[in-house]
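Chemist: One structure follows; several queries about it will come next.
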Amino acid sequence: MNPRSEFPEEQQPLTTSQDPASPVDGGGDDYYEPKPHTSPSTASTKSLVLEHLSDKEAAERLHRGHLKQPQDELDIEDTLAWKYQTKPADKKARRVLYLLIAVGAIGWVAAFFLFLSQDRHLSHNERPHDPHATTTTGNGKKVELEQVLTGQWYPTQQSVRWIAGPEGEDGLLLERGEEGSFLFTHDVRYLGADAALQLEHSKLLMKSGRFQVDSEIVVAHEAWPSPDHKKILVQSDYASNWRHSGTGRYWIFDVATQSGEPLDPASLYGRVQTASWSPNSDAVVFTRDNNMFIRHLDSDTATRITTDGGSELFYGVPDWVYEEEVLAGDSATWWSGDGKYVAFFRTDESQVPSFPVQYFFSSPTGSQKKEGEDNYPETRQIKYPKAGAPMSVVSLQLYDVRKGQVFTVPIENDFADDDRLMTEVVWAGSTGKVIVRSTNRESDILKTVLIDADARTGKTVRERDVQKLDGGWFEVSETTTFVPADPAKGR
């Protein structure tokens, strides 16, 4: 049985062989003449076709509308994302990615440990001091004004200075070290040699900066070896006066026995202003209470050189003006090269007017203020010559060590006492002659005087007047150096 016989309408084609809307020649203009289908369901089939065509035309109109109107940005991105879907990474790309991640992790760990090693994670006050640092950051404590004014932040300094050897040889450095090698010398000419050779040319002078004298412990503040390096002049209990000057207690320390004794046993607590070794290492000359003394090492007593020193008369030390403006130091004492004479200044400032200086934080006398008077300054009167006021009278005196005599050598045509500045004193070696440079108060006339201590005579050997030359003046200097005569070398 044929299955199609049950449905006769399906035995016919939906359309005829001729197009239902084929053109017909109609006298010059073509027109369409629809022709009926032979199928019994021609109407329904046509409606399906027309409906399909209508949907197609509607889609085309919608598409044309989209072309005319701007698409939404999100729609474009969705379309592109759908059109160009990302392909999954291949194995090579994944390896490169993993490698980059590993390198980054290793770099981060290395940077972290570097950060820890530089102590940057510590607060500023916990870090070790870096002397080369130019800036500092941190959360340490703030510096207080009282700490600055009282000197708590002053640097600690260690002096290194040249020193002549016991036989006068050159090349020795005097240094201060730690406990066990407090003061020692070493020869710089053997610094590159082996340790044994360096040790052979080094000498330990003081093992410790502390030593005991009777029942007292002495703590060294400064130390000066004798020229023969057998004794050391030690200063302790230092108290500052002006910029360069101060007072302290002095001791003589023996290098061989590593023991000490007072400089002046008769004045154990006396405050010494300045002291210096004889070139022969057999005596020390010093100033105490503005008077001069000498202590010979073969004697237990100190010999007084001057007797009338006081508040307005100084021996062997400068007043404030000479300390600050002329000598730039605390000593006005000079040994001759052979140790036979000592030249020193006699400074009389009795005619100089006084000027009050107030002390707000320290006491010039060292006395304790009464309760309730802490906010009041202590006033100290100093001799200060303002322009036009009388200045101190300074003269040079000499002490004959062998005879124990003090004498003055008069100089012909010297400056008047109230118009003389003595700027430099230099001994001419061991000849017994001393060179003195002086100017007037205007400092436009310079005189160089040569004094013969043995003959006790003196004369002006050079005079220069720069006022007549160019209207200038002389600056204070201490650069004169004695060069001994040597005919073999043409001098």
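Note that the numbering used here has the sequence shown beginning at 15, numbered continuously upward.
By construction, the Cβ of each residue, glycine as well, lies at the ideal position given by its N, Cα and C atoms.
#1: With DSSP as the reference, please indicate the residues paired to Ser364 in a beta bridge.
#2: What three-state label does DSSP hand Phe496 in the structure shown?
#3: Look at the alpha carbon of Pro84 and the alpha carbon of Lys106, and state the distance between them as a whole number of angstroms.
#4: Determine whether the beta carbon atoms of Gln241 and Trp291 lie at a separation below 8 Å.
#5: Could you spell out where the alpha helix (DSSP H) holding Ile319 opens and where it closes?
#6: Please state the DSSP three-state secondary structure of Thr52.
#7: Could you tell me if Asp104 is buried or exposed, where buried requires 16 or more neighbouring beta carbons within 10 angstroms of its beta carbon?
#8: Using 8 Å for Cβ pairs, my map puts His243 next to Val269. What's the rounded Cβ distance?
#9: What residues in its chain sit with their C-beta under 7 Å from that of Arg203, if we drop five residues either side in the sequence?
#10: What does DSSP give as the partner residue(s) for Phe421 in the beta ladder?
#11: Is it buried or exposed, Thr347, if we count other Cβ atoms within 10 angstroms and call 16 or more buried?
#12: Pick helix, strand or coil for Ala234, following the three-state DSSP scheme.
#13: When the Cα atoms are used, what is the spatial distance from Phe196 to Trp167?
#14: With a cut-off of 8 Å on the beta carbons, I'd call Ser452 and Phe429 a contact; round off their distance for me.
#15: Closest to Thr320 by C-alpha separation, out of Ala442, Ile115 and Arg302, would be which residue?
#16: For the alpha helix (DSSP H) that Arg108 lies in, which residues bound it at each end?
#17: Hey, could you find the ends of the alpha helix (DSSP H) Val480 is sitting in?
#18: Is Ala57 helix, strand or coil when you go by DSSP?
#19: Alpha carbon to alpha carbon, what distance is there between Val439 and Asp362?
#20: Mind checking which residues open and close the beta strand (DSSP E) that includes Leu247?
#21: Who does Gly504 pair with in a DSSP beta bridge?
#22: According to DSSP, simplified to helix, strand and coil, what is Glu47?
#23: Taking C-beta to C-beta, are Ala357 and Leu412 nearer than 8 Å?
#24: With a threshold of 16 other CB atoms inside 10 Å of the CB of Lys354, please say whether the residue is buried or exposed.
#25: Is the CB-CB distance between Glu338 and Arg394 below 8 Å?
#26: Identify, in the order they occur along the chain, each residue of the same chain with its Cβ nearer than 6 Å to the Cβ of Leu188, setting aside the five sequence neighbours on each side.
#27: Return the Cβ separation of Val248 and Gly274 in integer angstroms, given the expectation that the two are a contact with Cβ distance under 8 Å.
#28: Let me check understanding here. Comparing Cα to Cα, which of Ser259, Trp265 and Leu205 lies closest to Ala234?
#29: Following the continuous beta strand (DSSP E) through Glu275, name the residue where it begins and the one where it ends.
#30: Got a sec? Which residues, its chain only, sit under 8 Å from Ala591 by beta carbon, not counting five neighbours each side?
#31: Measure the Cβ-Cβ separation of Asp432 and Val407 and say whether it is below 8 Å.
#32: Phe307: buried (16+ other C-beta within 10 angstroms of its C-beta) or exposed?
#33: Who are the near neighbours of Gln365 in its chain, counting only those whose CB is closer than 6 Å to its CB and skipping five residues on each side?
#34: Grab me the residues of Ser377's own chain with a C-beta within less than 8 Å of its C-beta, minus the 5 sequence neighbours each way, in chain order.
Modeler: Let me spell this out:
#1: The count along the sequence shown starts at 1 and reaches residue 364 at position 350. DSSP output for Ser364 lists no bridge partner at all.
#2: Position 482 of the sequence shown, counted from the start, is the residue given in the question as residue 496. Phe496 falls in the coil class under three-state DSSP.
#3: Position 70 of the sequence shown holds residue 84. Position 92 of the sequence shown holds residue 106. Confidence in Pro84 is poor, its pLDDT being 49 and thus under 50, which makes the residue's placement unreliable; the coordinate value appears in the next sentence. Take the alpha-carbon of Pro84 and the one of Lys106: they are about 41 Å apart.
#4: Position 227 of the sequence shown, counting from 1, holds the residue named residue 241. Position 277 of the sequence shown, counting from 1, holds the residue named residue 291. One detail in the question is off: residue 241 reads as Pro in this sequence, not Gln. Going by C-beta atoms, Pro241 is nearer than 8 Å to Trp291.
#5: Counting from 1 along the sequence shown, the entry for residue 319 is found at position 305. Counting along the chain, Ile319 sits inside no alpha helix (DSSP H), nor does DSSP assign it H or E at all.
#6: Numbered from 1 along the sequence shown, position 38 holds the residue referred to as residue 52. For Thr52, the predicted model reports a pLDDT of 47, less than 50, meaning its position is unreliable; a value from the coordinates is still stated below. Coil.
#7: Locating residue 104 in the sequence shown gives position 90, counting from the first residue. So Asp104 counts as exposed.
#8: Translated into positions along the sequence shown, residue 243 becomes position 229. Translated into positions along the sequence shown, residue 269 becomes position 255. Sure, about 7 Å apart at Cβ, within 8 Å.
#9: Taking the sequence shown and counting its residues from 1, the one referred to as residue 203 is at position 189. Cβ neighbours of Arg203 beyond the five flanking positions: Gly185.
#10: Locating residue 421 in the sequence shown gives position 407, counting from the first residue. Per DSSP, the beta-bridge partners of Phe421 are Leu412.
#11: Numbered from its first residue, the sequence shown carries residue 347 at position 333. Around the beta carbon of Thr347, 16 or more other beta carbons lie within 10 angstroms, which makes this residue buried.
#12: Here residue 234 corresponds to residue number 220 of the sequence shown, with the count starting at 1. Under the three-state reduction of DSSP, Ala234 is assigned to coil, being neither helix nor strand.
#13: In the sequence shown, the residue the question calls residue 196 occupies position 182. In the sequence shown, the residue the question calls residue 167 occupies position 153. Whole-angstrom Cα-Cα distance: 24 Å.
#14: Along the sequence shown, one-based indexing puts residue 452 at 438. Along the sequence shown, one-based indexing puts residue 429 at 415. 6 Å between Cβ atoms; contact.
#15: Within the sequence shown, numbered from 1, the residue matching residue 320 stands at position 306. Looking only at Ala442, Ile115 and Arg302, the smallest Cα-Cα distance to Thr320 is reached by Arg302.
#16: If you number the sequence shown from 1, residue 108 lands on position 94. In the DSSP assignment, Arg108 falls within the alpha helix (DSSP H) that extends over Lys105 to Ser131.
#17: Taking the first residue of the sequence shown as 1, we reach residue 480 at position 466. Val480: member of the alpha helix (DSSP H) spanning Val480 to Leu483, first to last residue.
#18: Locating residue 57 in the sequence shown gives position 43, where the first residue counts as 1. Note that Ala57 has pLDDT 46, beneath the 50 cutoff, so the model's placement of it is unreliable and the number below is only indicative. It is helical.
#19: Here residue 362 corresponds to residue number 348 of the sequence shown, with the count starting at 1. Here residue 439 corresponds to residue number 425 of the sequence shown, with the count starting at 1. Using only the alpha carbons, I get a separation of about 18 Å.
#20: On the sequence shown, residue 247 is found 233 positions in, with the first residue counted as 1. For Leu247, the enclosing beta strand (DSSP E) begins and ends at Lys245 to Ser254.
#21: Position 490 of the sequence shown, counted from the first residue, corresponds to residue 504. Answer by DSSP bridge pairing: none, since Gly504 is not bridged.
#22: As a first step, residue 47 must be located in the sequence shown, where it is residue number 33. Because Glu47 sits at a pLDDT of 46, beneath the cut-off of 50, its placement in the model cannot be relied upon, and the following sentence gives the value as read from the coordinates. Correct three-state label for Glu47: coil.
#23: Here residue 357 is taken as the residue at index 343 of the sequence shown, counted from 1. Here residue 412 is taken as the residue at index 398 of the sequence shown, counted from 1. Against a cut-off of 8 Å, the Cβ pair of Leu412 and Ala357 comes out as a contact.
#24: Working through the sequence shown from its first residue, we reach residue 354 at position 340. Its Cβ being crowded by 16 or more others within 10 Å, Lys354 is buried.
#25: Here the question's residue 338 lines up with position 324 in the sequence shown. Here the question's residue 394 lines up with position 380 in the sequence shown. No, these two residues do not count as a Cβ contact at 8 Å.
#26: The residue labelled residue 188 in the question sits at position 174 within the sequence shown. Taken in chain order, the residues that qualify are Arg175, Ile177 and Thr199.
#27: Counting from 1 along the sequence shown, the entry for residue 248 is found at position 234. Counting from 1 along the sequence shown, the entry for residue 274 is found at position 260. Correct: roughly 6 Å between the Cβ atoms.
#28: In the sequence shown, the residue the question calls residue 234 occupies position 220. Selected option, being the one with the closest Cα: Trp265.
#29: In the sequence shown, residue 275 corresponds to position 261, counting from 1. Ser273 to Pro276 is the span of the beta strand (DSSP E), which, as asked, contains Glu275.
#30: Any answer about residue 591 is impossible in this case: the structure gives the chain only from 15 up to 505.
#31: Start at 1 with the first residue of the sequence shown, and residue 432 comes out as number 418. Start at 1 with the first residue of the sequence shown, and residue 407 comes out as number 393. At the C-beta level, Asp432 and Val407 come within 8 Å of one another.
#32: Translated into the one-based positions of the sequence shown, residue 307 becomes position 293. The residue in question, Phe307, is buried, as its Cβ has 16 or more Cβ neighbours within 10 Å.
#33: Sequence index remark: in the sequence shown, residue 365 carries index 351 (1-based). The residues are Pro404.
#34: By 1-based counting over the sequence shown, the position of residue 377 is 363. So the list reads Lys383 and Glu392, once near-sequence residues are dropped.
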